[in-house]
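Residue numbers (this note's numbering): 6 to 191.
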């Protein structure tokens, strides 16, 4: 009998806490819990998910509390399941109870359905966000300011004053060259 590895994810660390997910996964038998903080709409950049998938061995179980903790896209969810099964391991989701080992077509159907639900939920979240932005813009009171700036224009100008070129500034600040040019032109 293999080991059970847990996977937890929260969308952001602002106002969310992964502790309860970890505790629940451990109570369900996970010996180690891998956790990512970030958007669930993409698989890229989820280092802990990649790590747990690499560590799976035949007979192991990957445990997640809900399908949307793994992915909010049907294709991504099925890709994860396929990778687990290729390792001769089992994907187990707690709620709803889905155990996928490649032998039960109904488990794959359920996973597909919940992947579709996740995609639908993602669509509704984005639609509500767009409506909120449009409503705020219609108020025209200056309340909508967009996403806050993450790059300091002063830092870009200071580095330029030191004689650094756009590529060097971009590398030093970890941003794209286009952002450097945009800030220098402003």
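Here a beta-carbon is modelled for each residue, glycine too, at the ideal position from N, C-alpha and C.
{"query": "Rounded straight-line distance, which links the Cα of residue 6 to that of residue 87", "result": "20 Å"}
{"query": "Contact belief for residue 95 with residue 66 at Cβ below 8 Å, rounded distance in angstroms", "result": "5 Å"}
{"query": "Bridge-paired residues (DSSP) for residue 96", "result": "67, 105"}
{"query": "Beta-carbon proximity check, residue 98 vs residue 69, cutoff 9 Å", "result": "yes"}
{"query": "Identity of the residue in 10, 23, 50, 48 nearest residue 35 by Cα", "result": "10"}
{"query": "Assigned secondary structure, residue 10 (DSSP; H/G/I helix, E/B strand, else coil)", "result": "strand"}
{"query": "Three-state secondary structure assigned by DSSP to residue 90", "result": "helix"}
{"query": "Rounded separation between residue 159 and residue 172 - CA only", "result": "17 Å"}
{"query": "Pair within 9 Å by beta-carbon distance, residue 89 and residue 61", "result": "yes"}
{"query": "Closest by C-alpha distance to residue 53, when choosing among 106, 75, 174, 64", "result": "75"}
{"query": "Backbone secondary structure at residue 118 - three-state DSSP", "result": "helix"}
{"query": "Beta-bridge partners of residue 132, as assigned by DSSP", "result": "BP columns for residue 132 are empty, so no partner."}
{"query": "Opening and closing residue of the beta strand (DSSP E) in which residue 161 lies", "result": "Counting along the chain, residue 161 falls outside any beta strand (DSSP E), though it belongs to the alpha helix (DSSP H) covering 158-166."}
{"query": "Beta-carbon proximity check, residue 83 vs residue 116, cutoff 9 Å", "result": "yes"}
{"query": "Alpha carbon of residue 136 to alpha carbon of residue 144, nearest angstrom", "result": "13 Å"}
{"query": "Residue interval of the alpha helix (DSSP H) (run including residue 57)", "result": "52-60"}
{"query": "Sub-9 Å separation of residue 119 and residue 72 beta-carbons", "result": "yes"}
{"query": "Burial state of residue 163, where buried means 16 or more other Cβ atoms lie within 10 Å", "result": "exposed"}
{"query": "Spatially closest choice to residue 122 from 22, 80, 24, by CA coordinates", "result": "80"}
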